[in-house]
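Quick note, the sequences are listed as chains A and B, same order.
So for the first sequence, our numbering puts the first residue at 111; every next one is plus one.
So for the second sequence, our numbering puts the first residue at 29; every next one is plus one.
Glycine residues also receive a C-beta, built at the ideal position from the N, C-alpha and C atoms.
Computed from a predicted structure; not experimentally measured.
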Amino acid sequence: EAGVTQFPSHSVIEKGQTVTLRCDPISGHDNLYWYRRVMGKEIKFLLHFVKESKQDESGMPNNRFLAERTGGTYSTLKVQPAELEDSGVYFCASSLPWAGELFFGEGSRLTVL
Amino acid sequence: AQSVTQLGSHVSVSEGALVLLRCNYSSSVPPYLFWYVQYPNQGLQLLLKYTTGATLVKGINGFEAEFKKSETSFHLTKPSAHMSDAAEYFCAVSDLNFGNEKLTFGTGTRLTIIP
Numbered sequence: 111e112a113g114v115t116q117f118p119s120h121s122v123i124e125k126g127q128t129v130t131l132r133c134d135p136i137s138g139h140d141n142l143y144w145y146r147r148v149m150g151k152e153i154k155f156l157l158h159f160v161k162e163s164k165q166d167e168s169g170m171p172n173n174r175f176l177a178e179r180t181g182g183t184y185s186t187l188k189v190q191p192a193e194l195e196d197s198g199v200y201f202c203a204s205s206l207p208w209a210g211e212l213f214f215g216e217g218s219r220l221t222v223l
Numbered sequence: 029a030q031s032v033t034q035l036g037s038h039v040s041v042s043e044g045a046l047v048l049l050r051c052n053y054s055s056s057v058p059p060y061l062f063w064y065v066q067y068p069n070q071g072l073q074l075l076l077k078y079t080t081g082a083t084l085v086k087g088i089n090g091f092e093a094e095f096k097k098s099e100t101s102f103h104l105t106k107p108s109a110h111m112s113d114a115a116e117y118f119c120a121v122s123d124l125n126f127g128n129e130k131l132t133f134g135t136g137t138r139l140t141i142i143p
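Below, the structure is given as structure tokens:
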């Protein structure tokens, strides 16, 4: 069974440009999470979907970040316009409800120059 | 609010020696505690978790951790390090409001194994 997949694995863009990260969760997992790790710091929660609904978006840094999960399957995270401080690794995770375990993807590394 | 402190961003041990990675947490509710590992060029993988019951938890690859409420700790140990254990380890806490397994992570500890 395929795990959580993320695309692209690495993206390098200039300040002011737009980037869209994609996450395909494990099939059947209603819960989908986005996390971010800025270099040398902790992995921080960004938001949580249950199917297509945003359950908790308390960790989203600002309105330059937009997450969607149309149809409750894959999710995208768009950063527009990107700033230098947005650089980091963006992790996606999925889980079954009540399972108590998140399955993580390999992450998308974003570098903003 | 919950928080996690991992003492030592880098730990080096000799092959065959004891591995001890420290984790202390802060939580206003009974915590659910996790250790995740990230091998190079891979995603985060669950090593072990504590939810309820026995406070000594065994995980994959010979790792175990003990939940000590009085010390608010959840240190990770392995009796004998192997070269393949070289990775970054993350401790995390959740109040597991079921349906939302939102995790609060520590800053991570990079483990190096010396041949």
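Spatial distance of residue i from residue j (CA atoms)
i: Ser54 of chain B; j: Lys77 of chain B; result: 16 Å
i: Val57 of chain A; j: Gly182 of chain A; result: Limits of chain A in this structure are 111 at one end and 223 at the other, which puts residue 57 of chain A out of reach.
i: Ala192 of chain A; j: Gly198 of chain A; result: 12 Å
i: Ala45 of chain B; j: Thr80 of chain B; result: 30 Å
i: Phe102 of chain B; j: Gly126 of chain A; result: 42 Å
i: Asp196 of chain A; j: Trp144 of chain A; result: 14 Å
i: Gln130 of chain A; j: Leu194 of chain A; result: It is worth fixing the name first, because residue 130 of chain A is Thr in this sequence and not Gln. When rounded, the distance between both Cα atoms is 16 Å.
i: Asp134 of chain A; j: Ser185 of chain A; result: 7 Å
Contact with chain A by residue i, beta-carbon distance below 7 Å
i: Leu61 of chain B; result: no
i: Leu74 of chain B; result: yes
i: Phe102 of chain B; result: no
i: Thr135 of chain B; result: yes
Under the three-state DSSP convention, the category residue i falls into
i: Thr128 of chain A; result: coil
i: Gly210 of chain A; result: coil
i: Glu195 of chain A; result: helix
i: Ser137 of chain A; result: coil
i: Lys129 of chain B; result: It should be noted that the sequence gives Glu, not Lys, for residue 129 of chain B. In this structure, Glu129 of chain B counts as coil in the three-state DSSP scheme.
i: Thr140 of chain B; result: strand
i: Lys161 of chain A; result: coil
Cut-off 8 Å between Cβ atoms - residues of its own chain near residue i, not counting five sequence neighbours on either side
i: Gly113 of chain A; result: Ile136, Phe213, Gly215
i: Ala120 of chain B; result: Val32, Leu61, Phe62, Trp63, Tyr64, Leu131, Thr132, Phe133, Gly134
i: Ser37 of chain B; result: Thr135, Gly136, Thr137, Arg138
i: Ile142 of chain B; result: Ser40, Val41, Ser42, Glu43
i: Gln30 of chain B; result: Tyr53, Ser54, Ser55, Ser56, Pro59, Val121, Ser122, Asp123, Thr132
i: Glu92 of chain B; result: Leu76, Leu84, Val85, Lys86, Leu104, Thr105, Lys106
CB contact check: residue i to chain B, cutoff 7 Å
i: Gly212 of chain A; result: Contrary to the premise, residue 212 of chain A reads as Leu rather than Gly in this sequence. Chain B contact via Cβ: present.
i: Glu193 of chain A; result: no
i: Glu178 of chain A; result: no
i: Glu152 of chain A; result: yes
i: Phe155 of chain A; result: yes
i: Gly198 of chain A; result: no
Member of the options whose CA lies at the smallest distance from the CA of residue i
i: Ala115 of chain B; options: B:Thr100, B:Ser98, B:Asn89; result: B:Asn89
i: Asn52 of chain B; options: B:Arg138, B:Glu92, B:Gly134; result: B:Gly134
i: Leu142 of chain A; options: A:Glu211, A:Glu195, A:Leu220; result: A:Glu211
i: Pro171 of chain A; options: A:Glu178, A:Tyr184, A:Ser185, A:Leu156; result: A:Leu156
i: Gln34 of chain B; options: A:Thr128, A:Arg132, A:Lys151; result: A:Lys151
i: Arg219 of chain A; options: B:Ala109, B:Gly71, B:Lys106; result: B:Gly71
i: Leu176 of chain A; options: A:Thr128, A:Met149, A:His139; result: A:Thr128
Same chain only: Cβ atoms within 6 Å of residue i, ignoring 5 sequence neighbours per side
i: Leu223 of chain A; result: Glu124
i: Arg147 of chain A; result: Ile153, Gly198, Val199
i: Gln165 of chain A; result: His158
Cβ-based neighbour list, residue i, same chain, cut-off 7 Å, excluding 5 preceding and 5 following
i: Gly217 of chain A; result: Gln116, Val199, Tyr200, Phe201
i: Gly169 of chain A; result: Lys154, Phe155, Leu156, Leu157
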